[in-house]
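Undergrad: First residue of the sequence shown: 1, per this note's numbering; consecutive thereafter. Ideal placement from N, C-alpha and C gives every residue a C-beta, glycine not left out. Here the structure is a predicted model, which means the values were calculated and not measured.
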Amino acid sequence: AKSSPTLGLPIAFHGTVIHSRSLSDLETLENCFLLVDKTGKIQALQAEVDPNEVNKIISDLGYAPDVFPVKYLQRGQFLCPGFVDTHNHAPQWAQRGVGRGKTLLNWLNDVTFAHEAKFEDSAYAKRMYSSCVSGFLRQGITTASYYGSLHGKATQILADICLEKGQRALVGKCNMNRNSPNWYKDSSVEDSLYQTRALIQHIQNIDPDSKLVRPIITPRFAISCEPELLSGLGVIAKENPDIPIQTHFNEAKGEMLFTKELFPEFRTETELYKSYGLLNDRSILAHCIYLEEEEIEALCDLRCGVAHCPISNTTMDYFMVAPIREYLRRGIKVGLGTDSGGGHSSSMLEIMRQAFVVSIARQDATQGQDPALTLFEGFFLATLGGAQVCGLDDKIGNFAVGKEFDALEVHCDGGDLGVMTPVEDEDPVSVIFEKWIMTGDDRNIAKVFVCGRSVKI
Ligand code: GUN
Ligand code: FE
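1. Enumerate in chain order the residues of its own chain whose CB-to-CB distance from Lys-126 is below 6 angstroms, with the five nearest sequence positions on each side excluded.
2. With respect to 7 angstroms, is the separation between the Cβ of Leu-257 and the closest non-hydrogen atom of ligand 1 below this value?
3. Using DSSP's beta-bridge definition, name the partner residues of Glu-409.
4. Within the same chain, show all residues whose beta-carbon is closer than 8 angstroms to that of Ile-311, passing over the 5 residues directly before and after it, in chain order.
5. Tell me, which residues are paired with Asn-88 by DSSP?
6. According to DSSP, is Val-455 part of a helix, a strand, or is it coil?
7. Quick one: grab the DSSP three-state call for Ala-64.
8. Using CA atoms only, rank isn't needed, just tell me which of His-248, Tyr-273, Phe-263 is closest to Phe-237.
9. For ligand 1, is there any heavy atom lying closer than 7 angstroms to the beta carbon of Asp-186?
10. Find the nearest neighbour of Gln-204 within the set Gly-166, Asp-406, Ala-159, judged by alpha-carbon distance.
11. Near Leu-9, what residues of its chain come up, given a Cβ to Cβ distance below 7 angstroms and the 5 sequence neighbours on each side ignored?
12. Is the CB-CB distance between Gly-305 and Ser-275 below 8 angstroms?
13. Considering only DSSP beta bridges, list what Pro-219 is partnered with.
14. Beta-carbon separation of Thr-143 and Asp-406 under 8 angstroms?
15. What would DSSP say about Ser-224, mapped onto helix, strand or coil?
16. Which two residues bound the contiguous beta strand (DSSP E) that contains Glu-30?
17. Go ahead and pull the three-state DSSP assignment for Ile-18.
18. Express the C-alpha separation of Asn-280 and Gly-76 in angstroms, rounding to a whole number.
19. By Cβ distance, which residues of its chain are closer than 7 angstroms to Pro-181, with the 5 residues on each side in sequence left out?
20. Answer yes or no: do Glu-138 and Asp-442 have a C-beta to C-beta separation smaller than 8 angstroms?
21. Taking buried to mean at least 16 other C-beta atoms within 10 Å of its own C-beta, is Pro-264 buried or exposed?
22. Taking 7 angstroms as the line, does the beta carbon of His-87 fall inside it for any heavy atom of ligand 2?
23. Buried or exposed for Pro-215, going by 16 or more other Cβ atoms inside 10 Å?
24. For the beta strand (DSSP E) that Tyr-72 lies in, which residues bound it at each end?
25. Any heavy atom of ligand 1 closer than 7 angstroms to the beta-carbon of Asp-339?
26. Suppose contacts are defined by Cβ-Cβ distances below 8 angstroms. Is His-308 in contact with Leu-336 by that definition?
27. Per DSSP, what kind of secondary structure is Gln-367 in: helix, strand or coil?
28. Are Ser-130 and Ile-161 closer than 8 angstroms when you measure CB to CB?
29. Using DSSP with H/G/I as helix, E/B as strand and the rest coil, what is Lys-41?
30. Got a sec: does ligand 1 put a non-hydrogen atom nearer than 7 angstroms to the Cβ of His-151?
31. Please report the residue range of the alpha helix (DSSP H) in which Ile-437 lies.
32. For Glu-293 and Arg-21, I'd like the C-alpha separation in whole angstroms.
33. Taking 8 angstroms as the cut-off, decide whether the C-beta atoms of Asp-370 and Glu-326 are in contact.
34. Pull up the CB-CB distance for Val-401 and Ala-44, whole angstroms please, since I reckon it's below 8 angstroms.
35. Using C-beta distances below 7 angstroms, list every residue in its chain close to Gly-391, excluding the 5 sequence neighbours before and after it, in chain order.
36. Tell me, which residues are paired with Lys-333 by DSSP?
In structure tokens, the structure reads:
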């Protein structure tokens with residue numbers, strides 16, 4: 001078994017810290033002292049600290065001040081939590097941006113299956129997944145919930161690479177044994193379930209304490225799975241009450257019609273997945289666009305999470321807007337997903353921007369009943385909301401003392417700022433933050449930390 005990544009020594013910061021305490025509460029702490037202990041956990045978070053007091057605080061905490069560095073952030077620099085991508089297809093990394101404008105089912109058949117089939121080749125998987133995990137880390141995605149391809153071996157490689165590169169991840173072997181070409185289909189229900197169990201075992205071997213990587217049960221969607229496969233996955237979910245579940249859910253009209261043809265006994269997808277034991281407080285449901293009232297109620301009762309993917313929802317053949325404000329009003333957990341590569345972008349900043357755009361469309365369509373998302377709310381969805389959806393909010397999502405330090409060091413001053421709106425002398429922190437969210441990119445992310453370890457490649 002490979003060893004877990006080594007953690008950095010204690011590390012401390014002084015400067016501006018921005019994080020969400022809840023959907024409506026974005027906290028900005030200036031002159032903040034933040035200390036990460038040697039296990040990667042946040043040990044201290046204190047605002048309005050005079051820089052001259054930092055060494056005293058450190059020694060009061062029981063450390064010799066010179067055993068680790070203090071990073072003093074300048075004006076235009078701040079720390080924020082790392083982004084959580086609640087829905088991501090790792091084997092689609094090399095097809096992002098291809099096949100725009102097709103219906104979902106045509107896009108799968110014409111573009112996607114052929115790409116994913118390449119992951120049969122372990123050398124290809126190693127190369128592409130290295131590029132994928134590095135690419136997402138560079139863009140500040142410190143946690144991703146990944147669909148692998150159907151290949152057990154390649155998906156084990158994906159888990160290995162997340163651990164090696166230090167990305168927090170949920171990793172699932174994609175289950176799919178029908179309605180795809182013979183050359184890209186699980187050979188049998190038994191084999192699909194066997195490969196799933198083998199992946200769970202593999203991840204438990206390489207990361208026994210689930211420090212970074214966890215398995216996730218991943219039926220592609222009901223169209224791809226015979227009833228026996230869904231039942232078998234429901235059994236695995238029941239036997240493993242810690243393992244989350246992800247699938248595509250009420251994503252597109254054609255997909256919903258075809259699902260109904262295949263499963264005429266269920267009135268809704270909620271009834272369908274629920275009956276197979278796949279809906280509970282560990283479920284991550286991607287898209288959730290066309291839910292009936294009773295389905296929304298069921299998601300509340302079952303405590304399922306929603307992965308909102310506003311770019312892929314508007315990249316296929318139809319402009320699809322999920323009723324996110326309604327979900328938030330009902331207290332349903334919501335996070336953001338790149339849905340890379342159904343979505344062309346792998347940047348959580350761009351996902352937030354599109355979430356704002358589609359929320360304005362929704363506000364319009366509901367005559368103001370569903371107000372558009374605010375900047376704060378979008379940022380919450382990209383961080384703490386996503387952590388809640390992934391069942392990781394006890395560990396990450398903000399800088400509460402005791403959580404693990406998954407963070408971005410953002411620089412909006414000096415160096416190559418790319419095309420971000422220039423920061424001006426009179427800009428308060430709130431404006432600098434808004435400029436970065438709305439116009440920044442990975443060039444402004446100077447460092448990425450996962451569990452205290454600097455991982456940016
Ligand atoms: N539904 C089934 N498979 C997929 C996929 O790969 N991407 C998206 N967006 N929807 C799907
Ligand atoms: Fe998807």
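TA: To lay it out plainly:
1. Ile-157
2. no
3. Answer is Leu-79, Lys-447, bridged to Glu-409.
4. Thr-338, Asp-339, Gly-343, His-344, Ser-345, Glu-350, Ile-351, Gln-354
5. Tyr-146.
6. DSSP, read as helix, strand or coil, puts Val-455 in coil.
7. Three-state result, Ala-64: coil.
8. The displayed chain sequence assigns Ala, not Phe, to residue 237. It is Tyr-273.
9. no
10. Ala-159
11. Lys-38, Phe-68
12. Going by beta carbons, Gly-305 and Ser-275 fall outside the 8 angstroms limit.
13. DSSP, once it has assigned bridges, lists Asn-175 as partnering Pro-219.
14. yes
15. helix
16. Glu-30 -> beta strand (DSSP E) spans 25-36.
17. strand
18. 42 angstroms
19. Phe-113
20. In the sequence as presented, Glu is not what sits at residue 138; that position holds Arg. Contact: yes.
21. exposed
22. yes
23. With 16 or more Cβ atoms within 10 Å of its Cβ, Pro-215 is classed as buried.
24. 70-72
25. Within the cutoff, so yes.
26. yes
27. Residue state, collapsed to three classes: coil.
28. yes
29. Strand, per DSSP.
30. no
31. 429-439
32. 29 angstroms
33. yes
34. 7 angstroms
35. Pro-244, Arg-282
36. Gly-305
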